[in-house]
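Scroll down for the structure; my scribbles are underneath it.
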Amino acid sequence: MILEDTIDNHAKLIGWQIADAIETKRQSNEHLVLGLATGSTPIPLYQELVRLHREANISFENVYTFNLDEYCGLEKKHPESYNYFMRQHLFDHIDIPQDNIFIPRGTLEQVFVNDYCVGYEMKIQELGGIDIQILGIGRNGHIGFNEPGSSRASITRRVELAHTTRRDAAPAFEGFDNVPSFAITMGMKTIMSAKRIILMAFGENKKQATKQAILGDITDELPASFLQQHSNVTYCTDFNIE
Ligand code: F6R
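Numbering (my numbering), first residue to last: 14 to 255.
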């Protein structure tokens, strides 16, 4: 399904759907597993979730979260780490138990990374899989940090970031050379295993990649195109896809 609306309206609608899913699970004493993205795109959604917690008493006590990715080499307290981002925009403002939060650890020595990534996958499965996966999209069609060339079968792993991805992140890091070259990301298979996927793409600079992802060939050159093979994806845009 493709929905075109303003960013604020998307944030409200998705926020409400997440709140509804949390409440439905709570009523049957179950938990909800959310897959979360960072970056500028989901910020209005996180603001809405915080508002729903504060003003509509939505509790996140029965929610588990798995973040898509994290830069290698950044400590949790680094202001550009995704760990820091998630606390700043969401986790510090809601009542989610700390033990329910999973974000790839970017500071592991490389020899431990493979086992760690396998553990990340197992934890998702142990909790019953991701119920709702939130995604943004890179200008090169990446989702998570699955850069062009990522296979449909890829799982959580260490990856090298594409030049365009590092260039887009350069202003935040005050220079291209300060942007980490590697990251840990959930794989395409991990993302495709989510029961429901919501991809948000806002701004003209996302139009080309989003259009290709939805209407173009399915190819690892544009990893978001694999989403065409998923049976429950909502594409939320603020531009016309035709
Ligand atoms: C971040 C992530 C990335 C971003 C994408 C868009 O966790 O997974 O795929 O969603 O790079 O970033 P923004 O939203 O900053 O344009």
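Just so you know, even glycine gets a beta-carbon here, dropped at the ideal spot from N, CA and C.
No experiment lies behind these values; they were computed from the predicted model shown.
Secondary structure at residue i, three-state DSSP: helix, strand or coil?
i: threonine 177; result: helix
i: phenylalanine 104; result: helix
i: glycine 48; result: strand
i: isoleucine 156; result: strand
i: leucine 16; result: strand
i: glutamate 83; result: strand
i: isoleucine 31; result: helix
i: threonine 250; result: strand
i: leucine 140; result: coil
CA-CA distance, residue i and residue j?
i: proline 92; j: glycine 141; result: 32 Å
i: isoleucine 56; j: glutamate 234; result: 27 Å
i: tyrosine 59; j: histidine 66; result: 11 Å
i: lysine 224; j: arginine 118; result: 33 Å
i: histidine 243; j: alanine 183; result: 32 Å
i: glutamate 43; j: tyrosine 77; result: 11 Å
i: glycine 157; j: glycine 149; result: 8 Å
i: valine 131; j: serine 206; result: 15 Å
i: leucine 212; j: threonine 247; result: 6 Å
i: leucine 174; j: alanine 185; result: 16 Å
i: serine 168; j: phenylalanine 115; result: Sequence inspection shows isoleucine at residue 168; the serine mentioned does not correspond to that position. Using only the alpha carbons, I get a separation of about 16 Å.
i: leucine 47; j: isoleucine 204; result: 11 Å
i: glutamate 139; j: tyrosine 84; result: 25 Å
Just to confirm, is the Cβ distance from residue i to residue j under 8 Å?
i: phenylalanine 104; j: threonine 51; result: no
i: asparagine 153; j: glycine 200; result: no
i: aspartate 82; j: isoleucine 210; result: no
i: proline 161; j: proline 110; result: no
i: isoleucine 231; j: glutamine 241; result: yes
i: aspartate 144; j: leucine 62; result: no
i: cysteine 249; j: isoleucine 31; result: no
Checklist entry - Could you give the uninterrupted runs of the beta strand (DSSP E) lying entirely in the segment 106-133, keeping only those of 3 residues or more? => result Segments of the beta strand (DSSP E) lying fully in the segment 106-133: there are none.
Next on the checklist: Report the start-end ranges of each beta strand (DSSP E) in the segment 180-226 that is 3 residues or longer and not cut off at the edges.
Outcome noted: 195-198, 209-214
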